[in-house]
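Working notes for the structure below.
In the working numbering, the protein residues as written are 119 to 1158.
Structure below.
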């Protein structure tokens, strides 16, 4: 330790691997490295963004907190919503999109930005990225005086080659080219290779970088003899593809040979690998996680490494050697080990020799003992911690010594160097203020900044107010605070210097805190001057006060807090950090804080100082939980809603638009054009949320330039959002709830709810929630409106509008389609035919009419657009999904008439597609058909039927005119007042306008609360329990 710099090096490690409890090789690697740093006396800050781990357990947090100085956990509870002022990596301008997407899986930009800010505040000596794919963190900070290290662990540019050897083509998208891997690794000053072969490859790839072999260190257990279980074979591994494929091969091709030779042999498979395997062999135990991996190694007579291929050092092989175990592996297991000397274990080259080696070691005690001794000696020589990490330590400590001259000499990770630390000056004043109906209260005020200044107005102040200027930063504040603690009923106000406030502001803060004896802190709303008008418009929609986590000044504190829990931390990086640390200390004893919404203070545009806290993961956890609160989401949406702007943002969710032509596509595309024509006159800026493949298919980029979005930004807000079809999942409801204060949903029909044979089990809950929380509904017909409201009466309290599809024949077919239908080659269709539209669903009515019509009119051709059961001599079935617009136009344009036998529809687009060509439509009678006939009066061609006999009579009459009707290509009469797509779009936008004009936001608040509770239920289902939560407070959080 004598060579370590006077101030131990500070290493900030960033990893996507959760190192405790360890199971996989990379988890062991990271944990071993952390332990060695800690044992060397280094100061460690650990940042974890675990992949595949929804929530880090308190067992993990407890252990890791005991190992490191600062622990930052970014599990699924921390999302991109929490990130502000996102910085882009400095070297990714013009980077290949695929490489950016791969990095985004491991190290999204918002995360690397947050780590960059941590680097700026902590100013570590070293930043160590575990894997090249986390390397964005090395180029995302403003501070650059640190040594950049990437622990490569494996070569991704060799991944596809290694997988191909196993016959595996899927690489999860992680295979990189050599150029791509070089780009990622060049971010580092030093690259660590886990074995010599990869070190050589990396040195060739990176001739201008230092490449260091840093293998795997191991604790070498004391040698034991005779403890193993006879016949026991052990495999330990993670669930990566190399392990899974290798173990499956072992179980199929090697283990049966072992069992044939040694019938009493048993196999234990330990680790995540077990979950990917199946075996009915009673001698094979798939154990998964075990309480003691040490017991498994001690019991094993032989440990095997079944991996046939792979990259990197074979950690499970050297772990087996460290336990002094007889070992068998394939040639790939020797990568990085063979370079060190003669192998102490058996390499097998085919299944038979592998099985024979295992059997020999199981039955020959002398042979096994000799192998055990060689394994242990090899591990001691090559994998002791000093041997593995010595060269790396030399480079880290040399860099740290070079920085000694500019260090402050302190031990805290959040300390600033003297030239960087601002000099704090506080202006202090004291006054006794009266309260309505209450005793006067003494207020101590500290206005702190780099210059003195106190701006306090209002009645009750001493005249003249004679403030004192206190030097000495936080220590100076503490000296004055110590003099104030005699009066436990007094309060202390901290404000940034120059922030104006009034006596009434102080009184209102006191009242917010006085509501409960366990409220120890109260804070005002903060705004910069440009936001003051927005804040004032938000206030009517906000409660008097609500709970918040303290992040700094302005802040009112009960004087008793200082008496009971101590003064401010004089070593804190800034006053805001000291106040937040004080809150964390008090909160652990039950004290909480309130935000007084009626108190508004203006601050400079810089806002709060960066928080730099140590041993306060509970504070970080609280901030993360606060960010997910429905009140926070509501404020974000409300701020956008009340902001003064020339154009209002309206989102149309059309992710249901398919990359093809169907009725939904017709409806959506027609409305999109109409919305776009009307938007400017409505002061609306439109955003169409659509899938990329659908946008490409329908050429939406050219048709609606600048309006197409595929993914919403984390904090993106809209004034209103409209889904143009009914939702089928709570996720679709939540998507709108999180982005706008006004949510509108279209309802086309209630068939999927009424018909149990097609009802999805969760649909009841989805539509009940929609009825309870949506602000408005657009119904495709009055018929649908009545059906929906009868089934979901809660929706009657929401805004409603009926917006039909177009009923103007001129809007149903393009001129090209009309021309094709009229002039197209009729040779193949020389015999007239009757068109029937439907599908296999029972409510479409095909089963009731197709057999009857085929039998009643054996000489008439019928074409069925859609699927129906059965085969009939005069019925041609045509799939509806893959037809082009031209083919559809020809189908409708050449028919005699349309039979539309559906029992249940919301509107019936095929009716108007046929009427557009002047074709008579025989439709099963319903209230909907009556509604449509009324709307298109005096058009005579929509003919209802009730019974099958009526259908036969009406069709017989039409067939008597079949030649004339087949030749007809335009309507014989038009609606008196045709309803067009633009009328439909206008009705929708009228509803949006009306909802935006309303001041009531209660439905918005309630639906955010609803989805918040669902998220909390998800946490509970993931295994979060009260006992574990309590353990966090008592076993993890350690105070300075």
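In this text, a Cβ means the ideal position worked out from N, Cα and C, and glycines have one as well. Keep in mind the model is a prediction, meaning the values are calculated, not measured.
Cβ-based burial, residue 614 [other Cβ within 10 Å; buried from 16] = buried
inquiry  = Using 8 Å for Cβ pairs, my map puts residue 404 next to residue 410. What's the rounded Cβ distance?
reply    = About 17 Å; that fails the 8 Å criterion.
inquiry  = Comparing C-alpha positions only, which one of 191, 169, 171 sits nearest to residue 179?
reply    = 191
request  = Pull up the distance between the alpha-carbon of residue 229 and that of residue 215, whole angstroms please.
outcome  = 18 Å
Same chain, Cβ closer than 6 Å to residue 760, neighbours up to 5 away in sequence not counted = 652, 655, 656
query = Considering only the beta carbon of each residue, do residue 253 and residue 302 sit closer than 8 Å?
reply = yes
message = Check for me: the beta strand (DSSP E) holding residue 995 runs from which residue to which?
response = 993 to 996
task = Measure the C-alpha to C-alpha separation of residue 866 and residue 1105 and round it to an integer number of angstroms.
result = Distance between the alpha carbons of residue 866 and residue 1105 is about 15 Å.
key: Same chain, Cβ closer than 6 Å to residue 208, neighbours up to 5 away in sequence not counted   = 257
ask   = Less than 8 Å separating the beta-carbons of residue 845 and residue 884?
value = Yes.
query = Residue ranges of each alpha helix (DSSP H) run of no fewer than 4 residues wholly in the region 836 to 905, ordered along the chain?
reply = 848 to 855, 869 to 872, 881 to 891
Through-space distance from residue 1128 to residue 685, alpha-carbon basis = Rounded to the nearest whole angstrom, the C-alpha separation of residue 685 and residue 1128 is 41 Å.
ask   = Leaving out the 5 sequence neighbours to the left and right, which residues in its chain are closer than 6 Å to residue 320 when beta-carbon positions are compared?
value = 309, 311, 329
task = Quick one: residues in its chain with C-beta nearer than 7 Å to the C-beta of residue 1108, no 5 flanking neighbours on either side, listed in chain order?
result = 919
query = Considering only C-alpha positions, which residue in the set 571, 1117, 386 is nearest to residue 69?
reply = What the structure shows of the chain is the stretch from 119 to 1158, and residue 69 is not part of that stretch, so it cannot be assessed.
ask   = Which of the three DSSP states, helix, strand or coil, is assigned to residue 775?
value = coil
query = With 16 other CB atoms within 10 Å as the buried threshold, where does residue 414 fall?
reply = buried
task = For residue 712, collect the residues of the same chain with a Cβ closer than 8 Å to its Cβ; drop the 5 residues on either side in sequence, then sort them by chain order.
result = Closer than 8 Å at the Cβ level, and outside the excluded window around residue 712, lie 630, 631, 633, 637, 639, 640, 641, 663, 664, 665, 666.
ask   = For residue 1113, which residues from the same chain have a beta carbon less than 8 Å from its beta carbon, with the 5 sequence-adjacent residues on both sides left out?
value = These residues qualify, in order along the chain: 838, 860, 862, 893, 894, 917.
inquiry  = For residue 1167 and residue 1096, what's the separation of their Cα atoms in angstroms?
reply    = There is no way to answer for residue 1167, as the model of the chain reaches only from 119 to 1158.
task = List the residues that DSSP assigns as beta-bridge partners of residue 666.
result = 711
request  = Please report the residue range of the alpha helix (DSSP H) in which residue 435 lies.
outcome  = 433 to 440
inquiry  = Give me, in chain order, the residues of the same chain whose beta-carbon lies closer than 7 Å to that of residue 585; leave out the 5 immediate sequence neighbours on both sides.
reply    = Same-chain partners within the cutoff: 545, 546, 547, 572.
query = Three-state secondary structure (DSSP) at residue 350?
reply = strand
ask   = Which class does residue 448 belong to by DSSP, given the choice of helix, strand or coil?
value = coil
message = If I measure Cβ to Cβ from residue 688 and keep anything under 7 Å in the same chain, skipping five residues before and after, which residues do I get?
response = Contacts found: 592, 593, 596.
query = Straight-line CA distance for residue 905 to residue 868?
reply = 7 Å
inquiry  = Taking 8 Å as the threshold (C-beta atoms), are residue 332 and residue 510 in contact?
reply    = The Cβ-Cβ distance between residue 510 and residue 332 falls below 8 Å.
query = Taking only runs of the beta strand (DSSP E) that begin and end inside the region 209 to 288, which ones reach a length of at least 3 residues, in chain order?
reply = 244 to 248, 265 to 269
request  = Tell whether a beta-carbon distance below 8 Å holds between residue 737 and residue 696.
outcome  = Taking the C-beta atoms as reference points, residue 696 is found no nearer than 8 Å to residue 737.
inquiry  = Assuming residue 355 and residue 389 are in contact, meaning their beta carbons sit under 8 Å apart, how far apart are those beta carbons, in whole angstroms?
reply    = 5 Å
ask   = Are the beta-carbon atoms of residue 236 and residue 165 separated by less than 8 Å?
value = yes
request  = Give, in chain order, every unbroken run of the beta strand (DSSP E) that is at least 3 residues long and sits entirely within the region 587 to 614.
outcome  = 609 to 614
query = Going by other Cβ atoms of all chains shown within 10 Å of its Cβ, with 16 needed for buried, is residue 384 buried or exposed?
reply = buried
DSSP state of residue 1063 mapped onto helix, strand, coil = Reduced to three states, the DSSP call for residue 1063 is strand.
key: Pair within 8 Å by beta-carbon distance, residue 1061 and residue 1040   = yes
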